[in-house]
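Anchor point for the sequence shown: position 23 equals 35 in the working numbering, and the numbering is continuous, going up by one each time. Positions of the beta carbon are idealized from the N, C-alpha and C atoms, including for glycine. Encoded as structure tokens, the structure appears first; notes follow it.
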Amino acid sequence: MISSALRLPAFLAAATLLVTSASAKVTEKFSQTHPLGATGTVALTNMNGDVEIVGWDKAEVSIEAEKSARTDEELKRIEIVVEATADHVSIKTKHQRTEGGSWWHRNDNVSGAVHYVVHVPAKLLRVKIDAMNSNISTDKVSAAMKLETMNGRIRANGLTGDAEFDTMNGRISASFDRLGAGQKVNVDTMNGQCEIFVPADASARVNASSMNGHVSSELPITVEKSSRRSLHGALGKGEASLSMDSMNGSLSIRART
13 MISSALRLPA
23 FLAAATLLVT
33 SASAKVTEKF
43 SQTHPLGATG
53 TVALTNMNGD
63 VEIVGWDKAE
73 VSIEAEKSAR
83 TDEELKRIEI
93 VVEATADHVS
103 IKTKHQRTEG
113 GSWWHRNDNV
123 SGAVHYVVHV
133 PAKLLRVKID
143 AMNSNISTDK
153 VSAAMKLETM
163 NGRIRANGLT
173 GDAEFDTMNG
183 RISASFDRLG
193 AGQKVNVDTM
203 NGQCEIFVPA
213 DASARVNASS
223 MNGHVSSELP
233 ITVEKSSRRS
243 LHGALGKGEA
253 SLSMDSMNGS
263 LSIRART
């Protein structure tokens, strides 16, 4: 595979632009770092391209991204906008309409993609991801989570706080290190399977239902009402709230190993 570097304008000197002849794809690297403490929040919006959120022990957010498109012209229509304050970092992908000069966060006619790898403080307060045509993954982040994607899957590990997951045409896999008093977990999927992994001492009131799929639990539940497609009851003392809904997908509560 042969790659050649293309010269960039001065204001993009820090970025690297590569053309790969075999795949006829143009790429451009993006990198920024911003300070952010444990009480901070991170929000990211993306269309086309996977999003990876990884926790670390630094009080800062590191954003590494790669834009990709078929041509230089298409690549120029993709913009990454970062707004940072002392307690919040916002990351947005903007795609410019081919036929006009307006920037759109979401547009059915856009081409190109952005793949993000974002490192955040492990004990961050909150993470919110809104994506389309994107897989979302989080690891080693104990923050409250709100993750939404269309045409992509969600995978989250090491959860200890509130969580809200929503997918259309994608599966959900979430592993909790803790599920107990004060936590609220809401999972909603259309055309996708959902698996929730919880520790043996999990304590939650469970309300799970699927329109066209079965519902099951590996852990013992004090059942109030159940059928092949629904399960209502309590794990342990029933201290947290666990709500799971699906259309055309099975729901499973599994023991975390």
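> Helix or strand or just coil, what does DSSP make of residue 72?
Replying inline: Look at residue 72 here: in three-state DSSP terms it is strand.
> Between which two residues does the beta strand (DSSP E) harbouring residue 207 extend?
Replying inline: From DSSP, the beta strand (DSSP E) with residue 207 extends over 206 to 210.
>> Between which residues of its own chain and residue 222 is the CB-CB distance below 6 angstroms, once the five residues before and five after are set aside?
In response: Its chain contains 241, 258, 263 as the residues whose beta carbon lies nearer than 6 angstroms to that of residue 222, once the 5 sequence neighbours on both sides are disregarded; these appear in chain order.
>> Need the endpoints of the beta strand (DSSP E) that residue 11 sits in, please.
In response: Nothing in the structure corresponds to residue 11, since the chain is present only between 13 and 269.
> Considering only residues of the stretch 165 to 218, which uninterrupted beta strand (DSSP E) runs meet the minimum length of 3 residues and lie entirely inside it, listed in chain order?
Replying inline: Listed in chain order, they are 166 to 171, 175 to 180, 184 to 188, 196 to 202, 206 to 210.
> Near residue 123, which residues of its chain fall below 7 angstroms by C-beta distance, leaving aside the five closest residues on each side in sequence?
Replying inline: Non-local C-beta neighbours of residue 123 in its own chain, meaning closer than 7 angstroms and more than five positions away in sequence, comprise 81, 82, 86, ordered along the chain.
> Do residue 107 and residue 59 have their CB atoms nearer than 8 angstroms?
Replying inline: A Cβ-Cβ contact shorter than 8 angstroms links residue 107 with residue 59.
> Okay, do the stretch 161 to 170 and the stretch 137 to 151 touch, 3+ Cβ pairs below 8 angstroms being the bar?
Replying inline: They touch, by the three-pair rule.
> When DSSP builds the beta bridges, which residues end up paired with residue 43?
Replying inline: 76, per the DSSP bridge assignment.
> What are the start and end residues of the beta strand (DSSP E) that includes residue 158?
Replying inline: Looking at the DSSP string, the run of the beta strand (DSSP E) that includes residue 158 is 156 to 162.
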